[in-house]
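**Q**
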Amino acid sequence: MPFATVAGLPVVAGKLCLPRAGNWHGDFALDAASAPTGKVQVALAEGELVFEGTVLRGGAPYQTALVRVVGGAGGLTQDAAAKFYQGVTLQNVLEDVLGDADEVLSGTVSADVLATQLPAWATIQQPTGEVLSSLALVPGVPWRMLPDGSIWLGAESWPAAAGQAGWQLLQDAPELGRQILAADVPNLLPGQTFGGRQVSYVEHRIEAGKLRAHVYYEDA
Amino acid sequence: MSALLDRIKEPFVALVRSVFPRIDYLALYPGTVVLQRGPNAIDVQCDDPRLPGFASIPLFLGEPSAVVQVQAGARILVGFQGGDPRYPFAALWGNGAVVQSLSFAGGGHAAARVGDPVKLALSDLQQFVFTAPPTGGPCTVTGGIVGTPATQVSAGSSKVQLG
């Protein structure tokens, strides 16, 4: 089984970018004569790690499929409908806006955040991702797309990443606040703590059958 | 995104807007009053179709204690306090707004204007002496108003009231 696949198609080369705030995306070259479309799974470590996403654009101009995949259903780039609410909670607006975009709110969002009262709320017709960012400013928390394709927002708890002993440090660039790491199962995610440092951004680069995680830290 | 942007600029604009997601809430949007629901609370439909219809948003008149009742159709601007979508407001009238009533400081008394009638109490006339000539003809009047006459504005504006 190939180390990394998109929609079951082997990844020849590519990168998967995981920010702490916002949606993740990946650009991949696939060993396939035609590009997949619609909802896809990005699988790493022979299926140990799965990211649920949607092909935003792609094609196969050289008998190699080239695709950009974004997290979730791809609805965050669609314009939200202009709506005015009064006397609602953050959950009411979030579910309405995300429902219109065919996106899903994670079940792990804290009840306190969801219960935030909004005396009024005006959604301007703009990309749903921007509406989400604007809503997250009310409780003052970040949002991001989780690997399962659902949207989470809340205060960071910085849990320690699992399996840290399995990572190998290949390069340390303290001036950039970045490390390049390798692991059999690259399960490091932004919002976690690795080696006592808060992980801000992870970019998995896949090339020649190898995966290298470029990890940027908050304290840089 | 906007048709004004090309493919290369779009990602840059998207990046900026992701950092400042509320940038559109910092503008003032022209609209039309649809309905007035209460003292200084109105429904407004903005001209820009990217904005929703607003219901019962506060009307900021700019003068303390002022309360206005306007006819539907008046033009006004809609904004957001501090660029916060939770706090829309309407302010700054366009030309042609028809005022049905306007009051200051609680209202209750019609405001007097130049030309409004003034009532003078009869008791103030008691020092006047009217003398009719024995052969007939116009009376002569002597004397005058004593002290400070008790006068009162008897009518004023039908729209403007003062407290």
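Residue numbers (the working numbering), protein chains in the order written: chain A, 4 to 223; chain B, 1196 to 1358.
Backbone N, C-alpha and C fix where the C-beta goes; we use that ideal spot for every residue, glycine too.
How is A:Thr126 classed by DSSP in three states: helix, strand or coil?
**A** If DSSP states are grouped into helix, strand and coil, A:Thr126 belongs with the strands.
**Q** Straight-line CA distance for B:Val1348 to B:Val1265?
**A** Roughly 27 angstroms separates the two Cα atoms.
**Q** Helix, strand or coil for A:Pro13? Go by DSSP, reduced to three states.
**A** It is a strand residue.
**Q** Quick one: measure Cβ to Cβ for B:Asp1361 and B:Phe1249, integer angstroms, because I've assumed they're closer than 8 angstroms.
**A** There is no way to answer for residue 1361 of chain B, as the model of chain B reaches only from 1196 to 1358.
**Q** Would you report the Cα separation of B:Gly1277 and A:Ala118, rounded to the nearest angstrom?
**A** Each residue's Cα considered, the two are about 23 angstroms apart.
**Q** Should A:Glu133 be labelled buried (16 or more other beta-carbon atoms within 10 Å of its own) or exposed?
**A** Under this definition A:Glu133 is a buried residue.
**Q** From A:Glu178 to B:Ile1271, what distance separates their C-alpha atoms?
**A** Cα to Cα, A:Glu178 sits roughly 53 angstroms from B:Ile1271.
**Q** With 8 angstroms as the C-beta to C-beta threshold (strictly closer), list the residues of the segment 1273 to 1293 of chain B near chain A in chain order.
**A** Residues passing the 8 angstroms Cβ filter: Phe1275, Pro1280, Arg1281, Tyr1282 and Pro1283.
**Q** Tell me which same chain residues have a C-beta within less than 6 angstroms of the C-beta of A:Ser121, skipping the five on either side of it?
**A** It should be noted that the sequence gives Leu, not Ser, for residue 121 of chain A. Val91, listed in sequence order.
**Q** DSSP on A:Asp34, reduced to helix/strand/coil?
**A** Three-state DSSP puts A:Asp34 in coil, outside helix and strand.
**Q** Given a threshold of 16 other Cβ atoms within 10 Å of its Cβ, counted over all protein chains shown, does B:Val1208 qualify as buried or as exposed?
**A** With fewer than 16 Cβ atoms within 10 Å of its Cβ, B:Val1208 is classed as exposed.
**Q** Just reading off the beta strand (DSSP E) that B:Ala1286 is part of, what are its end residues?
**A** Run containing B:Ala1286: Pro1283 to Trp1288, per the beta strand (DSSP E) assignment.
**Q** When you compare the segment 1348 to 1358 of chain B with the segment 1290 to 1306 of chain B, are there three or more beta-carbon pairs, one atom per stretch, that lie closer than 8 angstroms?
**A** The segment 1348 to 1358 of chain B is in contact with the segment 1290 to 1306 of chain B.
**Q** Can A:Val112 and A:Leu140 be called in contact, C-beta distance under 8 angstroms?
**A** Against a cut-off of 8 angstroms, the Cβ pair of A:Leu140 and A:Val112 comes out as no contact.
**Q** Does B:Leu1200 come out as helix, strand or coil in the three-state DSSP assignment?
**A** B:Leu1200: coil per DSSP, three-state reduction.
**Q** Check A:Asp99 in the structure and name its three-state DSSP category.
**A** A:Asp99: helix per DSSP, three-state reduction.
**Q** Taking beta-carbon pairs under 9 angstroms, can you tell me which members of the segment 107 to 125 of chain A lie near chain B?
**A** Listed by position, the residues of the segment 107 to 125 of chain A near chain B (Cβ gap below 9 angstroms) are Leu121, Pro122, Ala123, Trp124 and Ala125.
**Q** Give me, in chain order, the residues of the same chain whose beta-carbon lies closer than 7 angstroms to that of A:Leu172; leave out the 5 immediate sequence neighbours on both sides.
**A** Excluding positions up to five away in sequence, the list reads Gln182 and Leu184.
**Q** Are the beta-carbon atoms of A:Val15 and A:Asp34 separated by less than 8 angstroms?
**A** Yes, the Cβ-Cβ distance between A:Val15 and A:Asp34 is below 8 angstroms.
**Q** Taking CB distances under 8 angstroms as the criterion, tell me whether A:Ala85 reaches chain B.
**A** True, the Cβ-Cβ gap to chain B drops below 8 angstroms.
**Q** What are the uninterrupted segments assigned as alpha helix (DSSP H) that are 4 or more residues long and contained completely in the segment 137 to 189 of chain A, given in chain order?
**A** The qualifying runs do not exist here; there are none.
**Q** Pull up the CB-CB distance for A:Asn26 and A:Leu101, whole angstroms please, since I reckon it's below 8 angstroms.
**A** At roughly 12 angstroms, the Cβ-Cβ gap does not stay under 8 angstroms, so A:Asn26 and A:Leu101 are not in contact.
**Q** For A:Gly194 versus A:Val188, is the C-beta distance shorter than 8 angstroms?
**A** No, these two residues do not count as a Cβ contact at 8 angstroms.
**Q** Tell me which residue opens and which closes the alpha helix (DSSP H) that A:Leu117 is part of.
**A** Here the alpha helix (DSSP H) through A:Leu117 covers Ala114 to Leu117.
**Q** What do you get for A:Tyr220, buried or exposed, if any count of 16 or more other CB atoms within 10 angstroms of its CB means buried?
**A** That one is buried.
**Q** Identify which residue in A:Gly11, A:Gly166, A:His207 and A:Glu210 has its Cα closest to the Cα of A:Thr196.
**A** Residue A:Gly166 is the option with its Cα nearest to A:Thr196.
**Q** Find the nearest neighbour of A:Pro13 within the set A:Pro5, A:Leu19 and A:Thr126, judged by alpha-carbon distance.
**A** Nearest of A:Pro5, A:Leu19 and A:Thr126 to A:Pro13, Cα basis: A:Pro5.
**Q** Closer than 8 angstroms between beta carbons: that is the criterion. Which residues of the segment 1239 to 1261 of chain B meet it against chain A?
**A** For the segment 1239 to 1261 of chain B, which is checked against every Cβ of chain A, the residues closer than 8 angstroms are Pro1244, Arg1245, Leu1246, Pro1247, Gly1248, Phe1249, Ala1250, Ser1251 and Ile1252.
**Q** Is DSSP giving A:Glu55 helix, strand or coil here?
**A** Residue state, collapsed to three classes: strand.
**Q** Can you name, in chain order, every residue of its own chain whose Cβ lies under 8 angstroms from the Cβ of A:Pro169, other than the five neighbours on each side?
**A** In the sequence as presented, Pro is not what sits at residue 169 of chain A; that position holds Gly. Contacts found: Ala186, Asp187 and Val188.
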